[in-house]
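Chemist:
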Amino acid sequence: MSDTYRTVDESAQAEQTVEGSRFLAEAMPVSDRRAATECVETICEREHKATHHCTAYRLGREGEDFRYDDDGEPSGTAGKLILRQIDARDLTNTLVVVTRYFGGTKLGTGGLARAYGDVASAALDRASLVERVVRTPVRVRFDYDDTAPAEQVLRQFDTEVQESTYTDVTTLTVGVRPSEGEAFVNVFTNALSDRGELLWVGGGALRGRYRCVRTSVNGRILPMTGRALPSEGCVWGCGRFFTYTPERPDAHTSQRPL
-17 MSDTYRTVDE SAQAEQTVEG SRFLAEAMPV SDRRAATECV ETICEREHKA
33 THHCTAYRLG REGEDFRYDD DGEPSGTAGK LILRQIDARD LTNTLVVVTR
83 YFGGTKLGTG GLARAYGDVA SAALDRASLV ERVVRTPVRV RFDYDDTAPA
133 EQVLRQFDTE VQESTYTDVT TLTVGVRPSE GEAFVNVFTN ALSDRGELLW
183 VGGGALRGRY RCVRTSVNGR ILPMTGRALP SEGCVWGCGR FFTYTPERPD
233 AHTSQRPL
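Numbering-wise, the sequence shown is residues -17 to 240 according to our numbering.
1) Measure the C-alpha to C-alpha separation of residue 76 and residue 175 and round it to an integer number of angstroms.
2) Look at the alpha carbon of residue 121 and the alpha carbon of residue 146, and state the distance between them as a whole number of angstroms.
3) Per DSSP, residue 48 forms a beta bridge with which residues?
4) Could you tell me which of 66, 73 and 177 sits nearest to residue 41, measuring between CA atoms?
5) In terms of alpha-carbon separation, which member of -11, -1 and -13 lies closest to residue 96?
6) Looking at the strands, I want to know which residues DSSP matches up with residue 2.
7) Do the CB positions of residue 129 and residue 5 come within less than 9 Å of each other?
8) Checking 9 Å against the spacing of the C-beta atoms, do residue 36 and residue 55 come in under that value?
9) Can you tell me the Cβ-Cβ gap for residue 9 and residue 106, rounded? I've got them flagged as a contact below 8 Å.
10) Which runs of the beta strand (DSSP E) fall wholly inside the segment 56 to 112 and span at least 3 residues, in chain order?
11) Which runs of the alpha helix (DSSP H) at least 4 residues long sit entirely within the segment 108 to 140? Give them in chain order.
12) Answer yes or no: do residue 135 and residue 173 have a C-beta to C-beta separation smaller than 9 Å?
13) Could you round the C-beta distance between residue 165 and residue 101 to whole angstroms and report it? I think they count as a contact, below 8 Å.
14) What is the rounded straight-line gap between the Cα of residue 133 and the Cα of residue 142?
15) What is the DSSP secondary structure of residue 165, reduced to helix, strand or coil?
16) What is the DSSP secondary structure of residue -12, reduced to helix, strand or coil?
17) Roughly how far, in whole angstroms, is the beta-carbon of residue 298 from the beta-carbon of residue 112, given that I think they are within contact range, below 8 Å?
18) What are the start and end residues of the alpha helix (DSSP H) that includes residue 152?
19) What separation, rounded to the nearest whole angstrom, lies between the Cα atoms of residue 241 and residue -12?
20) So for residue -4, helix, strand or coil by DSSP?
21) Decide if residue 3 is buried, meaning its Cβ has at least 16 other Cβ atoms within 10 Å, or exposed.
22) Have a look at residue 170 and residue 31 and give me their C-alpha separation to the nearest angstrom.
23) Tell me which residue opens and which closes the alpha helix (DSSP H) that residue 12 is part of.
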């Protein structure tokens, strides 16, 4: 699964006239279904005298969420053709709305399909395309004395500081690439051994709170991945509670985050 996706940087418009009908296309970036709906409603209010507002969008990190709407035009002559232009450029988190003012002459299904596809393509051609990085929010807390090792970890990974609060304790919300998530948790907790705290705000298997602690059994430091093989009992490692059974020293099940 990729940590990046392609989308339009900002809104772009195009206009074409076919047999007296005006087609106005607008391509824009959207983050989710709600944002897409709000954008469509805004255009419908602005162009309230139009005959049709045909739309298509693709959303999600992998483009898994999509929708298209013919808004009263013959089935398959509008929304699907608009979506095809989005997909031709391998875009996601992208919405295109094509507004039609009927000019008095029917275009037929073939003419409509060409008109909607062409004007959507023109709007996307005018848009600046960008590659954005997917980041999962992680909140870290550490004392002032631990600023140096904490910042060293942040520089080691492709991170982005999204929020920061500085008091006697520094609190940062950091955007981390999902593919680097597990490594970031392990390196950060090791670097701030016995100090600091990390909260994985995003979803997935890493969601939870981590205390930066090292644990040892019989003087042996446990790896933060919890792969150690103590003879018995329960230990804390990387802020997760691992249960070990003496009969099966290879069994190590993460039960719950802090």
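Each residue gets a CB set at the ideal place from its N, CA and C atoms; glycine is no exception.
Modeler: The short version:
1) 43 Å
2) 9 Å
3) DSSP lists 40 as partners of residue 48.
4) 73
5) -1
6) By DSSP's assignment, residue 2 forms no beta bridge with any residue.
7) By the CB criterion at 9 Å, residue 129 and residue 5 fall outside the cutoff.
8) yes
9) 5 Å
10) DSSP runs (the beta strand (DSSP E)) wholly in the segment 56 to 112: 76 to 83.
11) 129 to 138
12) Yes; because the gap between Cβ atoms is below 9 Å, this pair is in contact.
13) Not quite, the Cβ-Cβ distance comes to about 46 Å (not below 8 Å), so this is no contact.
14) 12 Å
15) helix
16) strand
17) What is shown of the chain runs -17 to 240, which leaves residue 298 out entirely.
18) Taken as a continuous stretch (DSSP letters only), residue 152 belongs to no alpha helix (DSSP H), being part of the beta strand (DSSP E) at 151 to 158.
19) Missing from the structure shown is residue 241; the chain here goes from -17 to 240 and no further.
20) strand
21) The C-beta of residue 3 has 16 or more other C-beta atoms within 10 Å across all chains shown, which makes the residue buried.
22) 57 Å
23) Where residue 12 is concerned, there is no enclosing alpha helix (DSSP H), given that its DSSP letter is neither H nor E.
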